[in-house]
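Notes to accompany the following structure.
There are 2 protein chains.
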Amino acid sequence: MGYFHLMFPEVKEKGMAAIPRLVAFTSEHSHFSVKKGAAALGIGTDSVILIRCDERGKMIPSDLERRIVEAKQKGFVPFLVSATAGTTVYGAFDPLIAIADICKKYKIWMHVDGAWGGGLLMSRKHKWKLNGVERANSVTWNPHKMMGVPLQCSALLVREEGLMQSCNQMHASYLFQQDKHYDLSYDTGDKALQCGRHVDVFKLWLMWRAKGTTGFEAQIDKCLELAEYLYNKIKNREGYEMVFDGKPQHTNVCFWYIPPSLRGVEDSEERTSRLMKVAPVIKARMMEYGTTMVSYQPLGDKVNFFRMVISNPAATHQDIDFLIDEIERLGQDL
Amino acid sequence: MGYFHLMFPEVKEKGMAAIPRLVAFTSEHSHFSVKKGAAALGIGTDSVILIRCDERGKMIPSDLERRIVEAKQKGFVPFLVSATAGTTVYGAFDPLIAIADICKKYKIWMHVDGAWGGGLLMSRKHKWKLNGVERANSVTWNPHKMMGVPLQCSALLVREEGLMQSCNQMHASYLFQQDKHYDLSYDTGDKALQCGRHVDVFKLWLMWRAKGTTGFEAQIDKCLELAEYLYNKIKNREGYEMVFDGKPQHTNVCFWYIPPSLRGVEDSEERTSRLMKVAPVIKARMMEYGTTMVSYQPLGDKVNFFRMVISNPAATHQDIDFLIDEIERLGQDL
Chain A
19 MGYFHLMFPE VKEKGMAAIP RLVAFTSEHS HFSVKKGAAA LGIGTDSVIL
69 IRCDERGKMI PSDLERRIVE AKQKGFVPFL VSATAGTTVY GAFDPLIAIA
119 DICKKYKIWM HVDGAWGGGL LMSRKHKWKL NGVERANSVT WNPHKMMGVP
169 LQCSALLVRE EGLMQSCNQM HASYLFQQDK HYDLSYDTGD KALQCGRHVD
219 VFKLWLMWRA KGTTGFEAQI DKCLELAEYL YNKIKNREGY EMVFDGKPQH
269 TNVCFWYIPP SLRGVEDSEE RTSRLMKVAP VIKARMMEYG TTMVSYQPLG
319 DKVNFFRMVI SNPAATHQDI DFLIDEIERL GQDL
Chain B
19 MGYFHLMFPE VKEKGMAAIP RLVAFTSEHS HFSVKKGAAA LGIGTDSVIL
69 IRCDERGKMI PSDLERRIVE AKQKGFVPFL VSATAGTTVY GAFDPLIAIA
119 DICKKYKIWM HVDGAWGGGL LMSRKHKWKL NGVERANSVT WNPHKMMGVP
169 LQCSALLVRE EGLMQSCNQM HASYLFQQDK HYDLSYDTGD KALQCGRHVD
219 VFKLWLMWRA KGTTGFEAQI DKCLELAEYL YNKIKNREGY EMVFDGKPQH
269 TNVCFWYIPP SLRGVEDSEE RTSRLMKVAP VIKARMMEYG TTMVSYQPLG
319 DKVNFFRMVI SNPAATHQDI DFLIDEIERL GQDL
């Protein structure tokens with residue numbers, strides 16, 4: 019939900035009653051925290067409109083515009099588009115430039131959820147995937163994901179200076195005294211929702227000092243290279259089906275493992291219901307053996323598939339090879 | 019603000035528009051996060067009614083009841099009382115039993131902010147200060163404060179089983195699959211507002227295993243004993259004035275240091291305006307010398323006073339003695 023008090027500071031004192039019925043837009047592949055935010059902020063999940071995605075999981079700008087126009091016709095007030103840079107399942111990057119154009123046209127706050135994909139900005143090779151992010155009003159970025167900072171470390175970046183302060187400050191006189199002897203701009207507690215949480219960023223700062231930007235870049239490039247290695251190894255391998263075509267944009271590699279008994283079986287309800295059970299059984303066995311652990315999930319009409327995500331820079335090609343062998347070892351009898 | 023979705027689950031889908039104008043009550047000494055929560059949740063800070071405190075900083079129950087009746091007469095819906103167990107400045111404990119009786123009478127959710135004082139529940143000697151907390155609907159407790167767990171570690175305890183889940187769950191199918199092979203009640207992400215944050219409690223668990231309840235108890239008893247030691251040393255000492263009478267209930271010891279030039283000077287506007295500047299100068303010097311650091315703040319009509327808070331169990335009587343010497347060394351020329 020980004021941080022909608024940035025747009026409606028009057029809510030601070032008066033509550034939601036002070037403003038009109040708002041609607042927000044995000045893609046059907048976006049993170050569930052968008053709806054969660056809408057629930058918590060008093061907007062309501064019903065006011066979050068899900069925009070259709072293409073086959074790669076990217077928001078379709080024409081559908082976004084259509085739904086904005088539709089909402090306005092109903093008398094609602096479109097106030098926020100939450101685009102995603104690196105979706106949870108596919109690792110997709112929404113077309114930020116096209117979305118920025120639409121937000122500008124309709125005067126809507128553009129938020130980019132770069133929690134997962136924001137780390138790619140550290141890479142000269144991959145940062146183009148976020149082109150357009152510089153036009154956003156706000157961006158979330160979780161260095162505790164792709165950057166490897168220990169939980170929690172989550173940043174909200176806002177374009178307009180002073181906005182965070184005007185939305186959040188409560189002037190608690192016992193804490194934010196004006197007669198201190200040092201530069202008061204270091205008192206960040208009154209600028210954030212959670213007074214004490216900003217110490218989390220210290221972990222990032224330490225790592226950045228130690229690794230440097232090029233250190234982070236090398237780490238991220240390596241993870242993406244490993245994802246591509248996995249993709250290249252399985253895309254034409256017997257017993258694998260990719261969930262979407264083409265090279266992954268992030269480190270998410272989404273695939274089905276097809277056990278021997280299901281290979282060559284033509285698409286049918288029975289095949290689907292058997293395939294659905296494959297990934298959960300293999301994952302359960304992975305956990306029992308303690309050798310590896312890969313997420314799986316269904317998505318829309320696609321039954322349970324594996325989503326291999328690489329964010330550990332200590333991973334190697336051998337680990338990927340092992341993973342493939344292990345899936346085949348654990349799944350061959352299914 | 020506690021967690022008001024627990025009371026109004028319909029807000030989840032419909033937003034604040036689904037419910038009547040709400041008002042919450044908390045004491046004038048409570049933490050500013052109550053207002054911050056009201057702002058964030060869309061209730062608005064104007065809907066937080068501040069209840070008067072006695073001279074020790076405890077909420078006055080008769081004033082609470084009067085303001086509840088008044089709000090109802092205005093057509094507002096009182097929905098929450100946020101009592102404090104361990105206020106930030108005085109370390110005061112609101113009278114929880116009397117507050118529980120009022121909440122019961124008017125059918126209002128009783129929340130206890132035990133962020134600071136909750137740790138005293140680990141102490142057989144001090145836990146009586148929270149008598150009545152067992153009647154609360156919800157309690158916050160920050161083991162990262164009095165218990166010494168590294169930031170962040172903050173718990174919200176709710177009486178009614180299943181409530182957190184019904185308020186927060188979004189059934190993200192890519193994350194909370196129902197076909198996992200283990201007990202799904204371990205998937206706590208869908209029960210909390212912040213999906214990934216619950217790992218914070220792991221730090222508390224580790225410490226608890228290492229220290230045991232008696233280890234925490236010894237630690238807390240020691241901090242309270244040190245606070246009493248400080249109080250006893252300065253209460254009748256030349257150059258000190260206590261902000262409130264009587265032994266501290268928590269480890270907060272609130273006092274003015276009166277430099278020699280102000281001793282014996284009778285109460286006047288000039289004395290007040292000079293006294294106001296004493297604590298900031300001493301604190302600045304403490305920071306410059308790097309020897310110690312004690313918070314100060316004004317409160318209501320009371321000008322800047324020191325608030326010494328002890329939460330480090332490694333502190334000793336010698337540290338307290340040093341603190342007193344240091345204040346006098348740094349403040350004697352003021």
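Protein sequences, first through last, are from chains A and B.
With the numbering used here, letter number 217 in the first sequence gets 235, and the count goes up by one each step, no holes.
With the numbering used here, letter number 191 in the second sequence gets 209, and the count goes up by one each step, no holes.
Just so you know, even glycine gets a beta-carbon here, dropped at the ideal spot from N, CA and C.
- For residue 347/A, not one C-beta of chain B is nearer than 9 Å to its own C-beta.
- Closest option to residue 138/A, judged by alpha-carbon separation, among 287/A, 52/A, 268/A, 74/A: 268/A.
- Taken in chain order, the whole beta strand (DSSP E) runs of length 3 or more contained in the segment 55-95 of chain B are 66-69.
- Between residue 140/A and residue 234/A, the C-beta gap is smaller than 9 Å, which places the two residues in contact.
- Scanning the segment 178-226 of chain B from its first residue to its last, the whole alpha helix (DSSP H) runs of 4-plus residues come out as 181-186.
- For residue 248/B, the secondary structure class from DSSP, reduced to helix, strand or coil, is helix.
- With respect to chain A, the C-beta atom of residue 33/B has a partner C-beta closer than 9 Å.
- Taking 7 Å as the upper bound on Cβ-Cβ separation, chain A lies near residues 65 of the segment 65-89 of chain B.
- In this structure, the beta-carbon distance from residue 103/A to residue 94/A does not fall below 9 Å.
- Out of 271/A, 48/A, 183/A, the CA that lies nearest to the CA of residue 263/A is found in 271/A.
- At least one CB atom of chain A sits nearer than 9 Å to the CB of residue 197/B.
- Note that the segment 153-167 of chain A touches the segment 213-232 of chain A; at least 3 beta-carbon pairs, one per stretch, sit closer than 8 Å.
- In the three-state reduction of the DSSP assignment, residue 42/B falls in the strand class, which pools E and B.
- Burial check for residue 188/B: the Cβ neighbour count within 10 Å reaches 16 or more, so the residue is buried.
- Runs of alpha helix (DSSP H) with 4 or more residues, each lying fully within the segment 246-290 of chain A, are absent.
- Annotation for residue 347/A: the continuous alpha helix (DSSP H) segment containing it runs 335-349.
- Contact check for residue 320/B against residue 283/B fails: the beta carbons are separated by 9 Å or more.
- Taking C-beta atoms as the reference points, residue 274/A and residue 324/A count as a pair closer than 9 Å.
- Residue 103/A sits in a strand when the DSSP states are folded into three classes.
- Taking a Cβ-Cβ threshold of 8 Å, the residues of chain B close to residue 211/A are 54, 58, in chain order.
- Excluding its 5 nearest sequence neighbours in each direction, residue 184/B has C-beta neighbours in its own chain below 8 Å: 27, listed in chain order.
- Within the same chain, 274, 275, 314, 322, 323, 324 come within 8 Å of residue 297/A by CB-CB distance, once the 5 residues on both sides are set aside.
- Chain-order list of chain A residues neighbouring residue 188/B: 50, 51, 53, 54, 57, 63, by C-beta distance under 9 Å.
- In the structure shown, residue 326/A falls within a strand segment according to DSSP collapsed to helix, strand and coil.
- Sequence-distant Cβ neighbours of residue 345/A in its own chain, meaning closer than 7 Å and more than five residues away, are 275, 300.
- Residue 128/A sits in a strand when the DSSP states are folded into three classes.
- The DSSP-derived three-state label of residue 234/A is helix.
- By the Cβ rule, the segment 121-137 of chain B counts as touching the segment 146-162 of chain B, because three or more pairs are nearer than 8 Å.
- Taking 9 Å as the CB threshold, residue 330/A stays off the interface with chain B.
- Close CB contacts of residue 240/A within its chain, under the 7 Å cut and outside five residues either way in sequence, are with 331 (chain order).
- Contacts with chain B (Cβ-Cβ distance below 9 Å) from the segment 249-261 of chain A involve no residue at all.
- Selection 199/B, 202/B, 196/B, 151/B evaluated against residue 177/B yields 151/B as nearest (Cα-Cα).
- Our two residues, residue 350/B and residue 343/B, have alpha carbons roughly 10 Å apart in a direct line.
- Burial check for residue 311/A: the Cβ neighbour count within 10 Å stays below 16, so the residue is exposed.
- Within chain A, the residues 57, 60, 62 have their CB atoms less than 8 Å from the CB of residue 29/B, given in chain order.
- With contacts defined as CB atoms closer than 9 Å, residue 42/B and residue 34/A fail to qualify as a contacting pair.
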